[in-house]
Structures are given as C-alpha cells and as structure tokens.
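**Q** I'd like to ask you about the structure that follows.
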Amino acid sequence: MADKGADEHLVTDPSEIASLLSMLHRQHASVTINFRGQSQHYASLILDVDRKQQVFYLDEFNPPSGHKRALAGEVFSVRAATSGLSIFFNHCQLISVIEEEDGAIYKVALPKVVRHDQKREAYRARVLASMRAPISLLSYEREEPISGRLIDLSNGGCNLVCEQPVEPPFRNLEIFEELTLDVEDFERTVTVAAEARRISYDEKKKVTHCGLRFINVDGATQAEIDRLVMFLQREALRLDSSRD
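Sequential numbering of the sequence shown, starting at 3, is according to our numbering.
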C-alpha cells in the first residue's frame, strides 16, 4: 500500500526513466537490491546510464553473495530514495559483467516501468531558468500586490525571488490571502493562501528571497498544485534528457 504522505506515479517513458536513473547516478544515491524470493538486501550504486543502448551499470553488490546470484541470472528489484523521492523497479536481470580490479560492474537493461513516489512537502520541483513563472501576492493589509518570480515548488509551499524593492518588507508569518502562480505552458493559474517564511535580502544583488507555506488549501486547489509540481518535474527531466 502506498504511503498516504506520498503521491505514486508510474513512469513508462524511456527518456524519463533514463533521467531518473541518471539523477541517482549524479547524486551517488545508494540503491537496495532484492532478488526474487529472497529476504536478503544488497547495497549497490548506479555507475552510469547509457541512453543509446538503453542500459545502466551497477556496482558490485554487497554482501558478496549477491555476485553469485547475479551471475546465476536471478531476477532482482532496485529501490532508492533521494531528494524526497522514492524510486522502485523490478524484473531486472544481468546482461553481462565487467570484471575490474576493484570489483565487478553489472550491465542491466533499463526497466520498462518505474514506480516513482513523491513525498508531499519534501520534494521541491525547480523552475527552469528559461521558463516564465511570475508569482503575485495579495494581502488585504497592503496597498499594492507584490510581484516576484517562482524559484521552486513543493506540494506544501514555494520559494520566490523579488527583483524589485518590497515595501514594506516581508514580515515573518505574514499572511497573503491570494498567492497566484502563472507558470508558462501550464494550462491554468493556481491561487492559494500562503504564509511567509524564511525571508532573506541579498544586499549585493538587491533582491529579496522568501519562502511561503500554503495554508487553508481545499482539495481541488491541492490537486492543481500537485499537477503543477509534476509538470515542473517533467520539464526538468526533459531538459536533462536533451543534454545527454
């Protein structure tokens, strides 16, 4: 059963799957290997991802008994957790082994399906620098709305930057009755109430950074926020795949 605090998604697009595994590689995230029908866990790392061949490479399994199982062609699953994401896929099997002085390297076909669990209020989807993502804040106690630019977004809040002076300055725990997100290429705007947190002013760049926590969110609005988080994540994965 999926954790109630997580959103589960099945990823089937090969480029997105390669990007997820490449992220694990870049972050040196430990992965857990389980062979079918066995309770023993084995530790490993993703050493590389080859998009053209549609394969990835795993470091030798630890404890060493996993090496014999891999050579015997036993089917295994892979699980990893990083940056608020839990990634799982199975039906993996060794294609070949590369013997190195420091140990073996396993060549494995990219999975066809990856289960991707996003922990709520943990994973922050970044906004691409090339994407227009204006944000406006309306407080009934202020004469004028505040305009800024969205930096990243989670299911429970966001970070923004204001490149114009904010007068009067943000107050910690200040309430904004309407925070409106209008992200380029996302079909709808999202409006939600928010509370100011983690305020900082960069004297050198003359910009203000502010974190905001969403409050009093109804079900329909939360669903829109969740969709926008996933949209931003897909755009980031698409950019990663175009760079490789």
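Every residue, glycine too, gets a C-beta built ideally from N, C-alpha and C.
1) Return helix, strand or coil for leucine 23, following the three-state DSSP convention.
2) Label tyrosine 44 either buried or exposed according to how many other C-beta atoms from any shown protein chain fall within 10 Å of its C-beta, with 16 as the threshold for buried.
3) Quick one: using the 10 Å Cβ neighbour count with 16 as the cut-off for buried, is serine 156 buried or exposed?
4) Taking only the alpha-carbon atoms, compute the straight-line gap between valine 209 and proline 171 and give it to the nearest angstrom.
5) DSSP three-state label for alanine 83, please.
6) Which residues share a DSSP beta bridge with alanine 45?
7) Could you check if leucine 162 is buried or exposed, using at least 16 other CB atoms within 10 Å of its CB as the buried criterion?
8) Could you work out which residue in Leu26, Arg53, Pro65, Arg38 is closest to leucine 47 when comparing CA atoms only?
9) Would you mind giving the Cβ-Cβ distance between alanine 31 and threonine 84, rounded to the nearest angstrom? I have them listed as a contact below 8 Å.
10) On a CA-only basis, which of Leu87, Arg200, Gly75, Phe188 is nearest isoleucine 227? Give me that one, please.
**A** From the atom records:
1) For leucine 23, the secondary structure class from DSSP, reduced to helix, strand or coil, is helix.
2) Tyrosine 44 counts as buried, since at least 16 other C-beta atoms from the protein chains shown sit within 10 angstroms of its C-beta.
3) Here serine 156 is buried, its C-beta having at least 16 other C-beta atoms within 10 Å.
4) Cα-Cα distance, rounded: 11 Å.
5) Three-state DSSP puts alanine 83 in a strand.
6) According to DSSP, which records beta bridges pairwise, alanine 45 is partnered with Thr34, Asn64.
7) By the 10 Å Cβ count, leucine 162 comes out buried.
8) Taking only the C-alpha atoms, the option nearest leucine 47 is Leu26.
9) The pair is a contact, with the Cβ atoms about 4 Å apart (cut-off 8 Å).
10) If we check each option's Cα against that of isoleucine 227, Phe188 comes out closest.
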